[in-house]
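Enquirer: Dropping a structure here in structure tokens format, bear with me for questions.
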Ligand code: ASP
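In our numbering, the protein residues as written are 1 to 449.
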């Protein structure tokens, strides 16, 4: 096969991102405040908003997100069954699960404690005079017991259909354990699952080809709406959250990685680039999951037996970026409403935010729903969310990027500590960066490959 001289996929995805932001911003200048720009043509008037923004760009962007989401349930189920089954000694599962969950919870608690301290130091809500213009209904926080009960699916097919990741994970683990214990029949099915895993990962690779266009369209549409004018009073809040996210992603994670594994964190951050751009443009850890899994296994060298478990688990229960936003938002809202929170209330915030993230899937905007639970726990008005909602979209993108970085880092730490990790792959700059070339020749010629 001839190697085409084209920029690497990462470069193309990053280019798509930057171009999308520029085009979206220009379109916004052309059509301020939701107006339209119409080009009169010979037969009809071409509306840029209807045809370009809500038409072409929106359609391609949504098709891109749907095709990523389409892969999530089959990918998690198949790769987790393979991973569990290949562990051989399934008693290791408890240890691996324990380590991963502990690391996820501890990093979230660190994130939110840091965010609260920073917000208290900078006081983004002091002197701010705002009234909430959006009403927000709080959902009741599920009890820990209920979260646990809900992890077990009554009907696995319903769990698949609803995309309930914790239930899919539990079913896949049990199925994988049973396969490992079933002797010959288990081995026969295992080989089918391994083949399916290969095929689905190949599909992920193929879809990566459209990523630069998908990312471009998503960001172009988004930036036709994001307006810096809505920032006003929220500028300080925005930058406190943003700064805390940067510190967590660029200082806390690299430090933890270095201390716990000795691995070079610069390599880690470089290898995260694609995944970060995906998270940034989709605002969903769940939709990014196929890419995170590919990065962690193919670029970083963590074995599938670990990554297939830790990555989906992280996408569901680990939301450090979200916790950071919630910490700052709680302090901000308390300051705007002139409420003094006590130390025990802050501890309550840390606890609720850490636990609320368990069982809430990584989809856009879910952080705000969880924030409602946190505010209720400490008696702050839930309408406070209406104050910050205006700048949440941009923060959602950034915190999702932090969320997936956390999932990958924990997977790497667990993989290394269990010796399920290939350091050569980690050190190889080009590992996993091959673009799948789609060659349909053999299909056209009716041949089998
Ligand atoms: N969008 C985030 C995620 O998917 C969750 C959130 O903070 O809203 O990870």
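No residue lacks a Cβ here, since even glycine has one placed at the ideal position from N, Cα and C.
Please read these numbers as outputs of a predicted model, since none were measured by experiment.
Quick check: does the Cβ of residue 319 come within less than 7 Å of any heavy atom belonging to the ligand ASP?
Expert: On the chain shown, position 319 is the one that residue 319 refers to. Result yes, Cβ under 7 Å from the ligand ASP.
Enquirer: In the DSSP assignment, what are the bridge partners of residue 40?
Expert: Stepping through the chain shown from its first residue, residue 40 is reached at position 40. The partner list for residue 40 (beta bridge, DSSP) reads 45.
Enquirer: Going by DSSP in three states, residue 450 sits in which element: helix, strand or coil?
Expert: Residue 450 is absent from the model: the chain starts at 1 and stops at 449.
Enquirer: In the region 322-400, which residue ranges form an unbroken alpha helix (DSSP H) of at least 4 residues, counting only runs that do not cross its ends?
Expert: Complete alpha helix (DSSP H) runs here, min 4: 343-356, 366-377 and 385-388.
Enquirer: Indicate the three-state DSSP secondary structure (helix, strand or coil) for residue 152 in the structure shown.
Expert: Here the question's residue 152 lines up with position 152 in the chain shown. Residue state, collapsed to three classes: coil.
Enquirer: Identify every residue that forms a DSSP beta bridge with residue 421.
Expert: Stepping through the chain shown from its first residue, residue 421 is reached at position 421. Looking at the DSSP assignment, residue 421 forms a beta bridge with 302.
Enquirer: In terms of alpha-carbon separation, which member of 350, 325, 39 and 375 lies closest to residue 365?
Expert: On the chain shown, position 365 is the one that residue 365 refers to. Answer by Cα proximity: 325.
Enquirer: Buried or exposed: where does residue 232 fall if 16 or more other Cβ atoms within 10 Å of its Cβ makes it buried?
Expert: For the purposes of this step, residue 232 is taken as the residue at position 232 of the chain shown. Exposed, since its Cβ has fewer than 16 Cβ neighbours within 10 Å.
Enquirer: Mind checking which residues open and close the alpha helix (DSSP H) that includes residue 210?
Expert: As a first step, residue 210 is located in the chain shown; it is residue number 210 there, counting from the start. Element bounds for residue 210: n/a, residue is neither H nor E.
Enquirer: I need the boundaries of the alpha helix (DSSP H) containing residue 178, first residue and last residue.
Expert: For the purposes of this step, residue 178 is identified with residue 178 of the chain shown, where counting begins at 1. From DSSP, the alpha helix (DSSP H) with residue 178 extends over 165-180.
Enquirer: Kindly give me the distance between the Cβ atoms of residue 82 and residue 308, rounded to whole angstroms, as I take these residues to be in contact under 8 Å.
Expert: By 1-based counting over the chain shown, the position of residue 82 is 82. By 1-based counting over the chain shown, the position of residue 308 is 308. That belief holds up - the Cβ atoms of residue 82 and residue 308 are roughly 7 Å apart, short of 8 Å.
Enquirer: When you compare each of 92, 300, 216 and 146 to residue 11 by their alpha carbons, which one comes out closest?
Expert: Numbered from its first residue, the chain shown carries residue 11 at position 11. Among 92, 300, 216 and 146, the Cα nearest to that of residue 11 belongs to 216.
Enquirer: For the alpha helix (DSSP H) containing residue 275, name the first residue and the last one.
Expert: For the purposes of this step, residue 275 is taken as the residue at position 275 of the chain shown. Note, residue 275: alpha helix (DSSP H), 273-282.
Enquirer: Would the C-beta of residue 209 count as close to the ligand ASP, meaning under 7 Å from any of its heavy atoms?
Expert: The residue you call residue 209 lines up with position 209 of the chain shown. For the ligand ASP, not one heavy atom lies less than 7 Å from the Cβ of residue 209.
Enquirer: Drop a sphere of 10 angstroms on the beta-carbon of residue 446, count the other beta-carbons inside from all chains shown, and report buried for 16 or more, exposed for fewer.
Expert: Taking the chain shown and counting its residues from 1, the one referred to as residue 446 is at position 446. The predicted position of residue 446 is uncertain, since its pLDDT is 49 and thus under 50; no value can be drawn from it.
Enquirer: Is it the case that the Cβ atoms of residue 68 and residue 172 are separated by a distance below 8 Å?
Expert: Within the chain shown, residue 68 is the residue found at index 68, counting from 1. Within the chain shown, residue 172 is the residue found at index 172, counting from 1. Cβ distance not < 8 Å, so residue 68 and residue 172 don't count as in contact.
Enquirer: Going by the beta-carbon positions, is the gap between residue 125 and residue 425 smaller than 8 Å?
Expert: Here residue 125 refers to the residue found at position 125 when the chain shown is read from its first residue. Here residue 425 refers to the residue found at position 425 when the chain shown is read from its first residue. Going by C-beta atoms, residue 125 is not nearer than 8 Å to residue 425.
Enquirer: What did DSSP end up calling residue 201 once you bin it into helix, strand or coil?
Expert: Position 201 of the chain shown, counted from the start, is the residue given in the question as residue 201. Three-state result, residue 201: helix.
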